[in-house]
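In the numbering used here, the protein residues as written are 6 to 399. Glycine included, every Cβ here is placed at the ideal spot set by N, Cα and C.
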Ligand code: FEO
């Protein structure tokens with residue numbers, strides 16, 4: 006837990022969660038995370054923007070106390086997910102007169118998830134203003150970054166955008182403010198890839214809303230604050246664009262080396278053809294690394310042995326996950342090794358309905374790849390290079 010003075014009358018409460026290693030029981034957090042809340046003290050009123058995870062609610066209350074805050078008039082809820090709203094019920098218990106300021110959808114979700122009573126809410130709409138006395142908050146709806154109710158709060162006089170998850174990163178650090186480092190870029194990209202990527206079409210309009218405000222600082226609710234907003238805005242513009250790289254993401258599982266043999270051969274042939282490769286063994290994969298590669302890869306290849314007449318469960322899991330993340334990948338290939346039959350290829354294809362690009366002719370072989378299979382793999386490598394050329398990547 007930490008408190009930090011951002012400017013006169015504006016404070017950060019950074020609830021550091023160094024030891025957290027998994028989010029949503031799904032997303033690895035190699036560098037922990039933070040839940041950032043902000044206190045803005047006007048001449049007349051004091052506002053708290055977001056709070057902390059339910060797990061850290063007591064710590065959060067202590068931090069508020071450490072700042073010497075003896076009254077809170079408004080709790081601004083930019084997002085209903087419990088990692089930011091979880092401490093709100095405790096805040097409302099302590100500051101009985103405080104009202105939760107949020108949009109109708111967020112209020113509905115807060116009532117559903119946290120059972121906050123109806124009379125605690127003051128509902129705002131797009132572009133509404135809240136005057137704290139010399140500090141004015143403007144509320145702008147930014148739906149689907151990454152829930153339907155997400156909003157951004159702008160502090161007009163200081164040109165600060167409080168964006169909650171939008172532009173955030175799972176990175177526990179006491180370097181609370183950044184100008185943009187490779188580490189922060191990487192953490193923000195990982196965050197985008199795991200959480201925001203499926204909504205890239207909606208994000209574009211929301212970036213515009215933030216840019217129009219001409220922020221001097223972007224304060225997300227995870228990870229460091231951006232002193233140079235263009236660092237993270239430009240990164241987001243790149244990630245949401247249709248652009249992909251001359252990169253093949255090879256996702257494979259191998260039980261008795263047949264698939265591994267094929268993958269190593271294909272990897273070399275791709276390199277020989279001038280194509281970049283990221284190869285991931287799914288039995289030791291980091292979900293975040295795979296998600297990040299899905300943003301960049303022009304081609305995905307899934308290679309799996311046959312298990313109980315279908316694909317290996319790890320190949321099924323990662324294909325299903327790729328489908329959920331809706332990558333902008335243009336080409337897809339499936340490689341399968343079998344002993345006596347099965348429908349691994351059909352099952353994998355059916356798991357990826359969101360893939361709208363071109364599916365290469367799947368390659369299957371019995372046991373260890375034979376000469377015919379190696380020939381097909383070699384031709385697949387040249388086809389991929391040719392396709393990457395056609396779309397201007399090579
Ligand atoms: Fe950081 Fe969507 O919660």
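Span of the beta strand (DSSP E) around residue i
i	result
residue 371	368-371
residue 146	141-146
residue 256	250-257
residue 127	126-128
residue 160	156-160
residue 51	51-54
residue 271	Per DSSP, residue 271 belongs to no beta strand (DSSP E); it is in the alpha helix (DSSP H), 263-277.
residue 90	Run containing residue 90: none in the beta strand (DSSP E); it sits in the alpha helix (DSSP H), 87-90.
residue 135	134-136
Residue i: first and last residue of the uninterrupted alpha helix (DSSP H) it sits in
i	result
residue 197	Here residue 197 belongs to no alpha helix (DSSP H), and DSSP marks it neither H nor E.
residue 318	318-330
residue 297	292-301
residue 215	205-217
residue 167	No alpha helix (DSSP H) holds residue 167; the beta strand (DSSP E) holding it covers 165-169.
residue 69	62-71
residue 387	376-395
residue 349	349-355
residue 93	93-99
Opposing strand residues paired with residue i [DSSP bridges]
i	result
residue 231	183, 223
residue 41	19
residue 174	Paired residues: none, contrary to the question.
residue 106	81, 127
residue 12	15
residue 310	342
residue 282	253
residue 28	32
residue 304	253, 336
residue 46	51
residue 7	19
residue 315	312
residue 113	DSSP output for residue 113 lists no bridge partner at all.
residue 364	337
Under 8 Å between C-beta atoms of residue i and residue j
i	j	result
residue 339	residue 319	no
residue 151	residue 93	no
residue 254	residue 283	yes
residue 21	residue 8	no
residue 155	residue 136	no
residue 59	residue 37	no
residue 77	residue 103	yes
residue 220	residue 165	yes
residue 263	residue 373	yes
residue 268	residue 242	no
residue 280	residue 215	no
residue 198	residue 299	yes
residue 222	residue 149	no
residue 390	residue 346	no
residue 365	residue 337	yes
residue 316	residue 290	no
residue 413	residue 301	For the chain, the structure presents residues 6 to 399; residue 413 sits outside this window and is missing.
Rounded distance between the beta-carbons of residue j and residue i, thought under 8 Å
i	j	result
residue 310	residue 342	5 Å
residue 296	residue 386	25 Å between Cβ atoms; not a contact.
residue 303	residue 251	6 Å
residue 323	residue 287	6 Å
residue 167	residue 43	6 Å
residue 12	residue 163	6 Å
residue 185	residue 233	6 Å
residue 99	residue 62	Going by Cβ atoms, the distance from residue 99 to residue 62 rounds to 11 Å, so no, they are not a contact pair.
residue 89	residue 55	4 Å
residue 218	residue 159	5 Å
residue 357	residue 327	7 Å
residue 382	residue 271	5 Å
residue 65	residue 71	Contact flag wrong, Cβ pair sits at about 11 Å.
Fill in: Touching by the beta-carbon criterion (3+ pairs, under 8 Å), the segment 45-59 and the segment 27-34
no
Discussion item. Whether or not the segment 321-335 and the segment 231-242 are in contact is what I'm after, with contact meaning three or more pairs of Cβ atoms, one per stretch, closer than 8 Å; do they touch?
Written reply: no
Worksheet item: When the Cβ atoms of the segment 225-234 are set against those of the segment 166-181, are three or more pairs found closer than 8 Å?
Response: yes
Discussion item. Can you confirm whether the segment 257-273 touches the segment 217-227 when touching is taken to mean that 3 or more C-beta pairs between the two stretches lie within less than 8 Å?
Written reply: no
Worksheet item: If we count Cβ pairs, one from each stretch, closer than 8 Å, do we get three or more for the segment 169-177 versus the segment 114-127?
Response: no
Worksheet item: For the segment 77-90 against the segment 98-107, are there 3 or more C-beta pairs whose distance is under 8 Å?
Response: yes
Practice prompt. Would you check if there are 3 or more beta carbon pairs closer than 8 Å linking the segment 111-121 to the segment 139-150?
Written response: no
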